[in-house]
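Trainee:
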Amino acid sequence: TISAFSPCTARSHLWHALEGLDRYPNYLNRWNDEQDIDELERSLENSLKQVRQQRTMILERKKRIKELLQNVPIPSRLVTPESWEDLLQHRLDSSLSKAIRESRHFRKKQNIPSLQRVLSGEFEIHLDAYLLEDLIEPEVQDVFSVSIFCPNFCKDMISYIRQVSTILGKNDITIRPIDLDVIGLHWINNVLLHLIVRPISKHLFKNTELMEGDLDWRQGYVAAYKGQSSNTKVEHQNRLVVHTDDSEITLNVGLGDDFDGGELQFWGLRDEDDPQLLGTYSPVPGRALLHAGRHFHQVTRVTRGERYALILWARSWSSVRAQTCPCCWMTGRRDKNCICGSSWN
Numbered sequence: 089t090i091s092a093f094s095p096c097t098a099r100s101h102l103w104h105a106l107e108g109l110d111r112y113p114n115y116l117n118r119w120n121d122e123q124d125i126d127e128l129e130r131s132l133e134n135s136l137k138q139v140r141q142q143r144t145m146i147l148e149r150k151k152r153i154k155e156l157l158q159n160v161p162i163p164s165r166l167v168t169p170e171s172w173e174d175l176l177q178h179r180l181d182s183s184l185s186k187a188i189r190e191s192r193h194f195r196k197k198q199n200i201p202s203l204q205r206v207l208s209g210e211f212e213i214h215l216d217a218y219l220l221e222d223l224i225e226p227e228v229q230d231v232f233s234v235s236i237f238c239p240n241f242c243k244d245m246i247s248y249i250r251q252v253s254t255i256l257g258k259n260d261i262t263i264r265p266i267d268l269d270v271i272g273l274h275w276i277n278n279v280l281l282h283l284i285v286r287p288i289s290k291h292l293f294k295n296t297e298l299m300e301g302d303l304d305w306r307q308g309y310v311a312a313y314k315g316q317s318s319n320t321k322v323e324h325q326n327r328l329v330v331h332t333d334d335s336e337i338t339l340n341v342g343l344g345d346d347f348d349g350g351e352l353q354f355w356g357l358r359d360e361d362d363p364q365l366l367g368t369y370s371p372v373p374g375r376a377l378l379h380a381g382r383h384f385h386q387v388t389r390v391t392r393g394e395r396y397a398l399i400l401w402a403r404s405w406s407s408v409r410a411q412t413c414p415c416c417w418m419t420g421r422r423d424k425n426c427i428c429g430s431s432w433n
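If you count by the numbering used here, then the sequence shown holds residues 89 to 433, one letter each, in order.
#1: Just checking my contact of R389 with N326 at CB under 8 Å: how many whole Å lie between their CB atoms?
#2: May I have the straight-line CA-CA distance separating H331 from W417, to the nearest angstrom?
#3: Taking C-beta to C-beta, are L366 and Q229 nearer than 9 Å?
#4: Using a threshold of 9 Å, state whether the C-beta atoms of S233 and Y369 are closer than that.
#5: Can you tell me which of the three DSSP states L81 falls into?
#6: Can you tell me the Cα-Cα spacing of N199 and D181, whole angstroms?
#7: Under 9 Å between the Cβ atoms of A187 and R264?
#8: Please report the distance separating the alpha-carbon of D359 from that of L328.
#9: Among D346, Q251, P414, which has the Cα closest to the Cα of R392?
#10: What is the rounded straight-line gap between the Cα of C415 and the Cα of H282?
#11: Going by C-alpha to C-alpha distance, which of D423, D244, H324 sits closest to G344?
#12: Between the C-alpha atoms of E210 and L398, what's the straight-line distance to the nearest angstrom?
#13: At a cut of 8 Å, does the segment 157-169 reach the segment 242-260 through at least three beta carbon pairs?
#14: Going by beta carbon distance, what residues of the same chain come within less than 7 Å of A105, once the five residues before and after it are set aside?
#15: Drop a sphere of 10 angstroms on the beta-carbon of D361, count the other beta-carbons inside from all chains shown, and report buried for 16 or more, exposed for fewer.
#16: Going by C-alpha to C-alpha distance, which of G429, P373, V408 sits closest to F237?
#17: Could you give the DSSP three-state label for H331: helix, strand or coil?
#18: Looking at L357 and G420, is the spacing between their C-beta atoms short of 9 Å?
#19: What residue does the beta strand (DSSP E) around Q307 start on, and which one ends it?
#20: Measure the CB-CB distance between I337 and S406 and report whether it falls below 9 Å.
#21: Just curious, the alpha helix (DSSP H) that N425 is in, first and last residue?
#22: Taking just the CA atoms, how far does R250 sit from V270?
#23: Just mark N277 as buried or exposed, buried being the case when its beta carbon has 16 or more other beta carbons within 10 Å.
#24: Is the beta carbon of Q316 sitting closer than 9 Å to the one on W401?
#25: Mind checking who D267 pairs with in its DSSP beta bridge?
#26: Between the beta-carbon of P266 and the beta-carbon of Y309, is there less than 9 Å?
#27: State the Cα-Cα distance for the pair S185 and L175, rounded to the nearest angstrom.
#28: Which stretch, first to last residue, makes up the alpha helix (DSSP H) that contains W172?
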């Protein structure tokens, strides 16, 4: 008989084979068709080739971008803060700064962790629930908003991103959206993850998206949406279709408000049979939305002006993704019988 095994075209075939290799000694001894083994090897080689190609491209692009931006001055508010006072007074929203100052780590007045220890993930910050009650507002079902950055920080961010985009565009480098790590603003990603997303998510999503675990990975970037100008034929991204994110938790910070359209619309979670439109949110400069990555959402068309948003994806490799396969994760199944769960391991 002719085998139907085709891991190059059927992803599930590859997953089955990888699971077998992991669980059974001398797994391929059970296969009586050498062509199937050839197909498995070809599929793995294709995946490895793709990884190597993308890694090479990324490293070359990072090196080129670093060279182009090395003499471009960074606005003072976007430079890595050296102290808590520098961060809380000149970058963050005053209400958020007040909540941080009044949290348990600062009330003691002694042994306050250094900003560097917190941003490196070495020290975990806890924000007391009662301090967050006046900061966090429910906007849509399971979607919450909180003010994060001060107005001047948002203005400086937009100005710098425009400058970076212009320089990269003139050198034929297409980078959309703009990754903050790549352009030297990694500290912003670390602030958002360790000081805001991690502690707040433990109050909002502990038993759902986090499965009582923790967030340990982040990617932050700035996305721009532009209305079509009447005096140019250049096409810009002006909307984002309905989608979910590859994250446990997503933070979406509005940076500017000089545009029409560009609203965020939310449907239900990916595991729902027929997600319905739950509500619409209009971005506010400095204010962020916090929601599950599995939450369907879209950006409506920007009809005028430019809309900028800072997005942070946060994942949990050490807990959530260590206990669930991609299928269970995407559909929200919390089943101990998942092949990645404890009952199988």
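Quick reminder that beta carbons are idealized off the backbone N, C-alpha and C, glycines included.
Mentor: Quick look at the numbers:
#1: 5 Å
#2: 16 Å
#3: yes
#4: yes
#5: Absent from the structure is residue 81, since the part of the chain shown begins at 89 and ends at 433.
#6: 25 Å
#7: no
#8: 21 Å
#9: D346
#10: 28 Å
#11: D244
#12: 25 Å
#13: yes
#14: P95, L128
#15: exposed
#16: P373
#17: strand
#18: yes
#19: 305-314
#20: no
#21: Looking at the DSSP string, N425 is not in any alpha helix (DSSP H), and its letter there is neither H nor E.
#22: 15 Å
#23: buried
#24: no
#25: Y309
#26: A small fix is needed here, since residue 266 is Ile in this sequence, not Pro. Result yes, Cβ atoms of I266 and Y309 sit closer than 9 Å.
#27: 9 Å
#28: 172-178
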